[in-house]
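Data first, discussion second: the structure below is written as structure tokens.
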Amino acid sequence: MTDEAFLEPQWCIADEQTPDDVLQEALDWACGPGGADCSLIQPNKPCFLPNNMKNHASYAFNSYWQKFKNKGGSCYFNGAAMAMAHAVLRHFLDEKKKITKDINKNFGLMVFQHAILILLAIICNELEKSLMSVCLPMFGFEYLCAFLICQHPVC
């Protein structure tokens, strides 16, 4: 693909500034009289998630535009859509991947930390009050273990 072709609009997506009710009207037209194939954004279909108006509208707009752009179809939808080039879209997708990766990494760490805290809570709550001095230095969570042990009914 040449640089010029790479920069030509290739995708039709929902304009981020367009209110959801306007997107809904345009989506209804695209999926109905417009003739876009919207079967994949239905519940339990591969493109249903993320389930929000902007993503569903973008899918419908692009489906319509890919089908009809060479036959006079436009990417306008009463101002609810905009055409994007591969280069611009790739930038947004790369940013989305980066953000998603960061979120997943941090979420995994958060889940691991919560699992450790739950395990510590179980261990500390099972210890006798006399073993409190063992619990504190052994795990390095002095405040947590002391707090949990003191909340134990035995204390």
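The sequence shown begins at 1307 in my numbering and counts up by one. Quick reminder that beta carbons are idealized off the backbone N, C-alpha and C, glycines included.
In the DSSP assignment, find the beta strand (DSSP E) that holds residue i and state where it starts and stops.
i     : result
A1391 : A1387 to A1391
For residue i, does the count of other Cβ atoms within 10 angstroms reach 16, so buried, or fall short, so exposed?
i     : result
G1385 : exposed
N1376 : exposed
A1380 : The sequence shown places Ser at residue 1380, rather than the Ala named in the question. When all chains shown are included, S1380 counts as exposed.
N1368 : buried
G1338 : exposed
L1346 : exposed
Q1348 : exposed
G1340 : buried
Over what stretch of residues does the alpha helix (DSSP H) that includes residue i continue unbroken?
i     : result
N1358 : Looking at the DSSP string, N1358 is not in any alpha helix (DSSP H), and its letter there is neither H nor E.
Q1330 : D1326 to C1337
Going along the chain, which residues of its own chain have a beta-carbon closer than 6 Å to the beta-carbon of residue i, five neighbours each way excluded?
i     : result
E1331 : none
Report, in whole angstroms, the separation of the C-beta atoms of residue i and residue j, which I expect to be a contact under 8 Å.
i     : j     : result
A1336 : Y1370 : 5 Å
Fill in: Touching by the beta-carbon criterion (3+ pairs, under 8 Å), the segment 1344 to 1354 and the segment 1314 to 1326
By the Cβ test, the segment 1344 to 1354 is not in contact with the segment 1314 to 1326, since fewer than three Cβ pairs between them sit closer than 8 Å.
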